[in-house]
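Residue numbers (this note's numbering), protein chains in the order written: chain A, 15 to 509; chain B, 246 to 766.
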């Protein structure tokens with residue numbers, strides 16, 4: 015089943031990309047949408063078949079591949095990866111709807127979208143470290159092209175910056191994995207085989223740091239984040255949905271899966287440092303967002319902040335906080351996708367993203383009332399207003415990590431208040447006020463543009479009111495993860 | 246009677262059957278050209294390709310043959326030599342495919358070109374198995390002299406002339422240095438020319454780590470590093486690559502380089518087994534310099550051929566990691582990387598040739614906007630360049646990961662980390678070309694792409710070029726995913742080669758390593 019999820023989009027992408035003859039843009043869009051819905055249907059089916067009581071790998075598949083270098087084709091999902099895979103297939107559909115009807119060079123666009131979907135699914139489902147690296151780096155070129163072709167003014171600069179940062183990230187991860195494999199003398203890189211138990215603590219710390227920098231670029235953590243505002247702002251909204259909604263999650267996923275799981279004792283040593291880095295990210299993201307004049311840039315910085323919570327929670331390593339970290343990944347993916355989708359609509363209709371120019375979009379007749387209303391909901395969800403999924407996730411994060419790291423958690427709560435500040439600025443400047451009578455002749459928002467936003471809002475609302483529908487998939491797995499970390503952490507504390 | 250049968254078994258002439266086939270093909274091409282004149286050009290290249298394929302088939306049957314030593318010890322047809330001879334022959338096959346149209350268009354004789362190319366191939370194939378100092382030098386010169394001729398083949402073009410002169414002067418001096426090193430070896434070993442005997446004699450004598458041996462080593466490496474264009478000996482590469490006919494560059498970058506690596510393994514591992522740490526050290530330095538300089542200077546190139554020249558210097562640096570590792574995995578990762586390098590580089594050069602045939606230029610900036618006019622070329626060239634940069638799931642990624650894996654396993658942490666950084670740098674300049682071709686908008690198209698001629702594959706010699714491009718691109722895309730047969734081939738060629746096995750065991754003992762064996766094919 016996982017193989018289907020992996021290979022179906024790849025085949026679809028090859029067929030769309032290389033199919034001889036001319037295809038019209040709308041036909042391509044139809045075909046891709048159908049494929050994306052099939053993929054989504056398959057993930058939903060997978061969710062229904064998932065055994066909630068089993069915290070380990072499910073739907074495992076194993077094929078030997080290259081024994082010489084310890085690479086095997088082994089897939090499997092657990093409570094950490096399955097929700098992210100579901101998020102990935104959902105956001106793929108949103109990204110197809112978000113680009114607008116008449117995308118230039120549609121063939122390449124849709125082929126790359128499907129390829130990205132496959133790569134992310136592959137990375138999340140890999141049970142072999144080298145296989146993970148393959149999929150992790152597979153994302154590089156499609157995203158580079160996505161930014162470089164369908165981006166804004168400075169797309170050349172932004173895409174190259176993204177490419178180099180991400181390539182470095184991939185290589186650091188590869189180096190750390192090779193290190194784990196060889197210093198242990200393991201002949202296979204299968205996740206179940208590989209351990210770090212035989213290593214000296216210093217070696218583990220070095221490897222974990224390398225891993226942290228590698229994944230920290232992708233997340234991104236504060237000193238390593240400078241590619242993000244450029245890439246997010248210059249990419250089209252649809253690409254940013256994939257980029258921020260799901261690619262960034264590969265970083266946190268990798269950190270929890272490979273950092274927390276493979277190095278439990280080293281993790282508890284560097285945990286305070288991680289919590290500080292996370293807190294700095296949160297504060298930095300929020301404060302920088304306040305200063306921005308461009309909506310996309312604002313949302314991009316907000317994304318840095320929200321990813322910081324995940325790091326604080328993962329560093330705390332309690333049952334509740336790890337659960338919160340994963341929930342925050344999902345919630346941030348949904349909210350970011352909604353925000354960028356709406357920003358994309360505003361940009362297309364109004365023609366600007368400048369906060370000093372936008373005004374009065376709430377106007378029921380000549381403005382974009384539904385879009386503005388949804389934008390307000392999304393801003394509230396992002397700022398952590400109860401009743402929406404953002405609050406549920408953040409609350410679990412704070413609750414879980416307070417006992418371990420009280421000061422960082424308090425600072426995060428403060429930053430959560432700052433989030434509300436810049437979203438109010440954003441909403442105030444865009445939705446409220448008066449329309450400019452000279453310029454305000456906007457094209458109507460089509461249903462195909464609104465429906466994805468409505469669906470996302472619905473999911474955000476439902477999961478906010480009933481968070482258990484999200485948590486029940488994650489909880490058994492994160493509980494198992496923490497069992498590994500916690501005893502050692504206690505020991506470290508006693509010492 | 247007994248004596249003559251003994252001689253026959255000592256000669257063991259069946260070992261060089263693949264080379265014999267190439268010689269016959271060479272003769273057929275030359276005589277066919279004399280008899281048939283210009284009319285013969287329609288079938289001659291295909292005859293040459295058929296001959297080379299027959300030679301590869303003969304190599305296949307010789308795999309794992311029990312008696313590999315031939316010509317009284319002058320030639321060793323072991324599995325390692327078979328792999329390298331196969332790589333060289335295969336690179337000639339693809340080069341001929343791409344040269345048909347290219348040479349035709351310049352109005353020179355195709356048959357003479359192919360004849361020289363086959364001579365170079367022959368030299369490279371003999372070099373891969375040569376086991377004796379004179380034999381090594383003769384085949385090295387056979388390869389070099391034909392390479393000079395091919396480099397200057399476009400004799401009306403001043404750049405080609407200049408490249409030939411430069412290559413000749415540097416090549417002849419490096420051969421002389423190599424020869425001086427060889428003669429020192431002959432003297433140090435008390436008059437032995439066969440490599441294994443040299444090794445035993447030197448180990449037995451007190452000169453096993455003498456200054457004389459060190460000088461011989463350095464002189465020999467000067468000759469080898471010239472062939473593989475390792476950094477202090479690389480200066481000819483960019484100029485020769487830019488000036489020579491492009492198919493020749495394709496051959497030099499794969500065939501001639503593979504021959505150089507074959508020579509490096511055989512000569513260094515056997516004759517210099519007593520000072521293995523010293524040449525590992527030298528090659529570490531060469532690898533570091535090549536990776537840094539090759540990849541950094543390639544950033545600043547504007548000509549496609551020049552960029553690929555520096556890239557081939559950088560790629561040689563990656564391959565040298567395997568040589569420095571000196572383990573089973575190290576040698577077989579070299580073999581594997583050279584195999585996939587063949588597909589990647591020849592695919593890239595096919596694309597370059599195709600573009601320059603249609604537009605007459607090979608400046609990188611002239612590729613802008615190509616995706617609209619020629620999607621097949623864009624796809625093929627992009628895949629090959631990305632594979633050279635090591636992007637999964639293409640062949641180059643698996644080649645690199647195997648090299649890094651082997652290097653890491655042998656404890657060369659610094660070298661592997663440097664290689665990782667160098668490959669990020671390399672991604673930047675490879676993707677620059679992809680960006681030109683794919684990302685540019687229609688209004689940013691370069692002049693040559695605006696005036697791009699209509700694509701016609703039915704011109705004389707275009708079809709083989711297309712076949713070569715498609716086959717190499719398919720191989721580049723799939724050789725990574727379906728890499729197991731190639732991995733096994735590379736591993737078997739190393740593990741079943743006695744000379745490598747004895748040295749690897751020696752090294753282990755000498756270094757007092759207790760680590761258990763690493764890979765089990």
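A virtual CB, placed ideally from N, CA and C, is assigned to each residue, including glycine.
Next item on the list: In angstroms with no decimal places, state the Cα-to-Cα distance between residue 717 of chain B and residue 628 of chain B.
Entry: Approximately 10 angstroms between the Cα atoms of the pair.
Next item on the list: Could you pull out every residue in the same chain whose Cβ sits closer than 6 angstroms to the Cβ of residue 369 of chain B, ignoring the five residues on either side in sequence?
Entry: Closer than 6 angstroms at the Cβ level, and outside the excluded window around residue 369 of chain B, lie 333, 388, 500, 504.
Next item on the list: Let me know the secondary structure DSSP gives residue 743 of chain B once reduced to three states.
Entry: Residue 743 of chain B: helix per DSSP, three-state reduction.
Checklist line | Cβ contact (3+ pairs, closer than 8 angstroms) linking the stretch 632 to 648 of chain B and the stretch 136 to 153 of chain A | finding: Judged by pairs of C-beta atoms under 8 angstroms, the stretch 632 to 648 of chain B touches the stretch 136 to 153 of chain A, as three or more such pairs exist.
Check: Which runs of the beta strand (DSSP E) spanning at least 3 residues fall entirely within the stretch 346 to 383 of chain A, listed in chain order?
Finding: For the stretch 346 to 383 of chain A, not a single whole beta strand (DSSP E) run of length 3 or above is found.
Check: Taking the C-alpha atoms as reference points, what is the distance between residue 429 of chain A and residue 297 of chain A?
Finding: So the alpha carbons of these two residues sit roughly 6 angstroms apart.
Notebook entry, point to check: Assuming residue 669 of chain B contacts residue 178 of chain A under a Cβ cut-off of 8 angstroms, what Cβ separation, rounded to an integer in Å, is found between them?
Noted result: About 7 angstroms separates the CB atoms of residue 669 of chain B and residue 178 of chain A; that is less than 8 angstroms, so the two are in contact.
Check: Among B:630, B:418, B:607, B:549, which has the Cα closest to the Cα of residue 585 of chain B?
Finding: Selected option, being the one with the closest Cα: B:630.
Check: With 16 other CB atoms within 10 Å as the buried threshold, where does residue 448 of chain A fall?
Finding: Burial call: exposed.
Checklist line | Same chain only: Cβ atoms within 7 angstroms of residue 690 of chain B, ignoring 5 sequence neighbours per side | finding: Result list for residue 690 of chain B: 613, 614, in chain order.
Check: What residue from B:694, B:434, B:290, B:582 has the CA that sits closest to residue 646 of chain B's CA?
Finding: Nearest option by C-alpha distance: B:582.
Notebook entry, point to check: What is the rounded straight-line gap between the Cα of residue 489 of chain A and the Cα of residue 270 of chain A?
Noted result: Whole-angstrom Cα-Cα distance: 14 angstroms.
Checklist line | chain B contact residues for residue 162 of chain A, given Cβ-Cβ distances below 7 angstroms | finding: Neighbourhood of residue 162 of chain A in chain B, by CB distance below 7 angstroms: 680, 684, in chain order.
Note to self: Among the candidates A:22, A:46, A:497, whose CA atom is the shortest distance from the CA of residue 276 of chain A?
What the structure shows: The shortest Cα separation from residue 276 of chain A among A:22, A:46, A:497 belongs to A:497.
Check: Do we get a CB-CB distance below 9 angstroms when we pair residue 241 of chain A with the residues of chain B?
Finding: Output row for residue 241 of chain A: interface = no.
Notebook entry, point to check: Going by other Cβ atoms of all chains shown within 10 Å of its Cβ, with 16 needed for buried, is residue 211 of chain A buried or exposed?
Noted result: Exposed, because fewer than 16 other Cβ atoms sit within 10 Å of the Cβ of residue 211 of chain A.
Notebook entry, point to check: Since residue 72 of chain A is in the beta strand (DSSP E), which residue starts that stretch and which ends it?
Noted result: 72 to 80 is the extent of the beta strand (DSSP E) around residue 72 of chain A.
Note to self: Rounded to whole angstroms, what is the Cα-Cα separation between residue 128 of chain A and residue 432 of chain A?
What the structure shows: Looking at the backbone, the Cα of residue 128 of chain A and that of residue 432 of chain A are separated by about 37 angstroms.
Checklist line | Residue of B:507, B:250, B:531 minimising C-alpha distance to residue 476 of chain B | finding: Looking at the Cα atoms, B:531 is the closest of the given residues.
Notebook entry, point to check: Whose CA, out of B:492, B:557, B:609, lies closest to the CA of residue 671 of chain B?
Noted result: Distances from the alpha-carbon of residue 671 of chain B to those of B:492, B:557, B:609 put B:557 closest.
Check: DSSP on residue 320 of chain B, reduced to helix/strand/coil?
Finding: Assigned with DSSP and collapsed to three states, residue 320 of chain B falls in strand.
Checklist line | Contacts of residue 673 of chain B in chain A (Cβ-Cβ under 7 angstroms) | finding: Close partners of residue 673 of chain B in chain A (Cβ separation under 7 angstroms): 178.
Check: In the DSSP assignment, what residue or residues form a beta bridge with residue 314 of chain B?
Finding: DSSP output for residue 314 of chain B lists B:321 as bridge partner(s).
Check: Does the beta-carbon of residue 551 of chain B have 16 or more other beta-carbons within 10 angstroms, so that it is buried, or is it exposed?
Finding: Taking a 10 Å sphere around the C-beta of residue 551 of chain B, we find 16 or more other C-beta atoms and assign the residue as buried.
Note to self: Could you tell me the alpha carbon to alpha carbon distance between residue 48 of chain A and residue 58 of chain A, rounded to whole angstroms?
What the structure shows: If you draw a straight line from the Cα of residue 48 of chain A to the Cα of residue 58 of chain A, it is about 15 angstroms long.
Next item on the list: Could you spell out the range, first to last residue, of the alpha helix (DSSP H) harbouring residue 652 of chain B?
Entry: Its alpha helix (DSSP H) spans residues 640 to 654.
Checklist line | Through-space distance from residue 331 of chain B to residue 345 of chain A, alpha-carbon basis | finding: Between residue 345 of chain A and residue 331 of chain B, the C-alpha separation is close to 56 angstroms.
Note to self: Extract the residue ranges of the alpha helix (DSSP H) inside the stretch 544 to 613 of chain B, only unbroken runs of 4 or more that lie entirely within it.
What the structure shows: Counting whole runs of 4 or more residues, the stretch 544 to 613 of chain B contains the alpha helix (DSSP H) stretches 549 to 570, 573 to 604.
Checklist line | Inter-stretch contact (C-beta, 8 angstroms, three-pair minimum) for the stretch 101 to 120 of chain A and the stretch 231 to 245 of chain A | finding: Between the stretch 101 to 120 of chain A and the stretch 231 to 245 of chain A there are fewer than three inter-stretch CB-CB distances shorter than 8 angstroms, so the stretches are not counted as touching.
Notebook entry, point to check: By Cβ distance, which residues of its chain are closer than 6 angstroms to residue 598 of chain B, with the 5 residues on each side in sequence left out?
Noted result: Closer than 6 angstroms at Cβ, skipping near neighbours: 343, 347, 491.
Next item on the list: For residue 573 of chain B, count neighbouring C-beta atoms within 10 Å of its own C-beta (all shown protein chains included) and say buried if the count is 16 or more, exposed if not.
Entry: With 16 or more Cβ atoms within 10 Å of its Cβ, residue 573 of chain B is classed as buried.
Notebook entry, point to check: Do you know whose CA, among B:618, B:663, B:726, lies nearest residue 686 of chain B's CA?
Noted result: Between residue 686 of chain B and the set B:618, B:663, B:726, the nearest pair of CA atoms involves B:618.
Next item on the list: From the DSSP output, in three-state form, read off residue 386 of chain A for me.
Entry: If DSSP states are grouped into helix, strand and coil, residue 386 of chain A belongs with the helices.
Next item on the list: Compute the beta-carbon to beta-carbon distance between residue 309 of chain A and residue 105 of chain A, rounded to the nearest angstrom, for a pair I have assumed lies under 8 angstroms.
Entry: Actually they are not in contact, since the Cβ atoms of residue 309 of chain A and residue 105 of chain A sit about 20 angstroms apart, beyond 8 angstroms.
Notebook entry, point to check: Should residue 569 of chain B be labelled buried (16 or more other beta-carbon atoms within 10 Å of its own) or exposed?
Noted result: It counts as buried.
Checklist line | Given 8 angstroms, three or more beta-carbon pairs between the stretch 454 to 467 of chain B and the stretch 422 to 429 of chain B | finding: The stretch 454 to 467 of chain B, when compared against the stretch 422 to 429 of chain B, does touch it at the 8 angstroms Cβ threshold.
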